[in-house]
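Letter 23 of the sequence shown, counting from 1, is numbered 11 in our numbering, and no numbers are missing. Okay, so here's the structure we're looking at.
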Amino acid sequence: MTDSTGPRVRKNRTDMEISRDMLELAREGVGKTKLMYGANLSFELLQKYIGRLVASGLLSSEQGSKLQIFRTTERGEEFLSECRRLKQLHRLASESESKLRGMLGQEHPSD
(Lines of atoms letter the chains of each structure in order from A and count residues from 1; the text may use other names and numbers.)
(Lines give C-alpha, C1' and ligand atoms only; values in the text may rest on other atoms or scores of the structure.)
Protein backbone atom coordinates (compact mmCIF):
# COMPACT_ATOMS: atom_id res chain seq x y z
CA MET A 1 0.00 0.00 0.00
CA THR A 2 1.45 3.40 -0.98
CA ASP A 3 0.37 7.01 -0.73
CA SER A 4 1.92 10.40 -1.47
CA THR A 5 4.41 10.01 1.40
CA GLY A 6 5.68 6.64 0.22
CA PRO A 7 5.03 3.03 1.15
CA ARG A 8 3.08 2.30 4.31
CA VAL A 9 3.48 -0.85 6.29
CA ARG A 10 0.18 -2.35 7.42
CA LYS A 11 0.44 -4.04 10.79
CA ASN A 12 -2.18 -6.51 11.91
CA ARG A 13 -3.50 -5.63 15.34
CA THR A 14 -3.74 -8.09 18.18
CA ASP A 15 -7.00 -8.87 19.98
CA MET A 16 -5.81 -6.70 22.85
CA GLU A 17 -5.07 -3.75 20.55
CA ILE A 18 -8.48 -4.01 18.87
CA SER A 19 -10.19 -4.24 22.26
CA ARG A 20 -8.22 -1.23 23.49
CA ASP A 21 -9.15 0.79 20.40
CA MET A 22 -12.84 -0.01 20.85
CA LEU A 23 -12.80 0.85 24.56
CA GLU A 24 -11.03 4.14 23.86
CA LEU A 25 -13.70 5.04 21.29
CA ALA A 26 -16.53 4.10 23.66
CA ARG A 27 -15.37 6.17 26.64
CA GLU A 28 -17.98 8.86 26.05
CA GLY A 29 -20.54 6.56 24.45
CA VAL A 30 -20.74 5.69 20.78
CA GLY A 31 -23.09 4.03 18.31
CA LYS A 32 -22.27 0.83 16.47
CA THR A 33 -21.44 2.54 13.15
CA LYS A 34 -18.96 5.00 14.68
CA LEU A 35 -17.44 2.17 16.70
CA MET A 36 -17.06 0.03 13.57
CA TYR A 37 -15.46 2.77 11.45
CA GLY A 38 -13.41 4.24 14.29
CA ALA A 39 -11.91 0.86 15.15
CA ASN A 40 -11.57 -0.01 11.45
CA LEU A 41 -13.45 -3.31 11.72
CA SER A 42 -15.77 -5.25 9.48
CA PHE A 43 -19.32 -5.66 10.75
CA GLU A 44 -18.63 -9.32 11.55
CA LEU A 45 -15.54 -8.53 13.61
CA LEU A 46 -17.36 -5.67 15.33
CA GLN A 47 -20.11 -8.07 16.43
CA LYS A 48 -17.52 -10.55 17.71
CA TYR A 49 -15.64 -7.95 19.75
CA ILE A 50 -18.77 -6.27 21.09
CA GLY A 51 -20.00 -9.64 22.33
CA ARG A 52 -16.66 -10.40 23.97
CA LEU A 53 -16.26 -6.98 25.59
CA VAL A 54 -19.84 -6.86 26.89
CA ALA A 55 -19.60 -10.43 28.23
CA SER A 56 -16.39 -9.59 30.07
CA GLY A 57 -17.87 -6.44 31.61
CA LEU A 58 -15.54 -4.04 29.81
CA LEU A 59 -18.24 -2.49 27.62
CA SER A 60 -21.88 -1.73 28.36
CA SER A 61 -24.76 -1.41 25.97
CA GLU A 62 -27.80 0.80 26.41
CA GLN A 63 -30.66 1.69 24.14
CA GLY A 64 -30.65 5.38 23.20
CA SER A 65 -33.59 7.22 21.69
CA LYS A 66 -32.67 6.09 18.18
CA LEU A 67 -29.72 3.74 18.44
CA GLN A 68 -27.81 1.43 20.72
CA ILE A 69 -25.04 3.18 22.64
CA PHE A 70 -21.87 1.43 23.77
CA ARG A 71 -19.91 2.81 26.70
CA THR A 72 -16.68 1.79 28.41
CA THR A 73 -17.38 0.52 31.94
CA GLU A 74 -15.29 1.12 35.06
CA ARG A 75 -13.74 -2.29 34.48
CA GLY A 76 -13.02 -1.20 30.89
CA GLU A 77 -11.27 1.91 32.21
CA GLU A 78 -9.10 -0.36 34.36
CA PHE A 79 -8.27 -2.38 31.24
CA LEU A 80 -7.24 0.84 29.42
CA SER A 81 -5.13 1.91 32.39
CA GLU A 82 -3.31 -1.45 32.38
CA CYS A 83 -2.79 -1.14 28.60
CA ARG A 84 -1.13 2.26 29.10
CA ARG A 85 1.00 0.81 31.91
CA LEU A 86 2.05 -2.13 29.72
CA LYS A 87 2.96 0.22 26.86
CA GLN A 88 5.09 2.30 29.23
CA LEU A 89 6.84 -0.82 30.57
CA HIS A 90 7.47 -2.00 27.01
CA ARG A 91 9.01 1.37 26.13
CA LEU A 92 11.25 1.23 29.23
CA ALA A 93 12.29 -2.34 28.44
CA SER A 94 13.15 -1.35 24.86
CA GLU A 95 15.24 1.56 26.09
CA SER A 96 17.07 -0.70 28.55
CA GLU A 97 17.68 -3.31 25.87
CA SER A 98 19.06 -0.65 23.56
CA LYS A 99 21.38 0.62 26.30
CA LEU A 100 22.59 -2.92 27.06
CA ARG A 101 23.24 -3.60 23.37
CA GLY A 102 25.30 -0.43 23.24
CA MET A 103 27.26 -1.50 26.28
CA LEU A 104 28.01 -4.87 24.68
CA GLY A 105 29.33 -3.14 21.60
CA GLN A 106 31.70 -0.88 23.55
CA GLU A 107 35.41 -1.64 23.70
CA HIS A 108 36.74 -2.04 27.22
CA PRO A 109 40.29 -0.88 27.93
CA SER A 110 42.59 -3.80 28.63
CA ASP A 111 44.63 -3.87 31.84
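Yeah, the Cβ is synthetic: ideal placement off N, Cα and C, and Gly gets one too. For clarity, every value in this text was computed on a predicted model and none was experimentally measured.
Paired residues, beta bridge with residue i - DSSP
i   : result
G19 : I57
Residue span of the alpha helix (DSSP H) that contains residue i, given as start and end
i     : result
L46   : No alpha helix (DSSP H) contains L46, which DSSP labels as neither H nor E.
K(-1) : Taken as a continuous stretch (DSSP letters only), K(-1) belongs to no alpha helix (DSSP H), as it is neither H nor E.
S69   : E62 to G93
L13   : D3 to L13
Cβ distance (whole Å) where residue i is taken to contact residue j below 8 Å
i   : j   : result
L13 : L23 : 6 Å
G19 : Q56 : 7 Å
Euclidean distance between Cα positions of residue i and residue j
i   : j   : result
T21 : M4  : 21 Å
Y25 : G90 : 43 Å
R15 : Q35 : 18 Å
E70 : E32 : 27 Å
Cβ-based burial, residue i [other Cβ within 10 Å; buried from 16]
i   : result
Y37 : buried
S86 : exposed
A27 : buried
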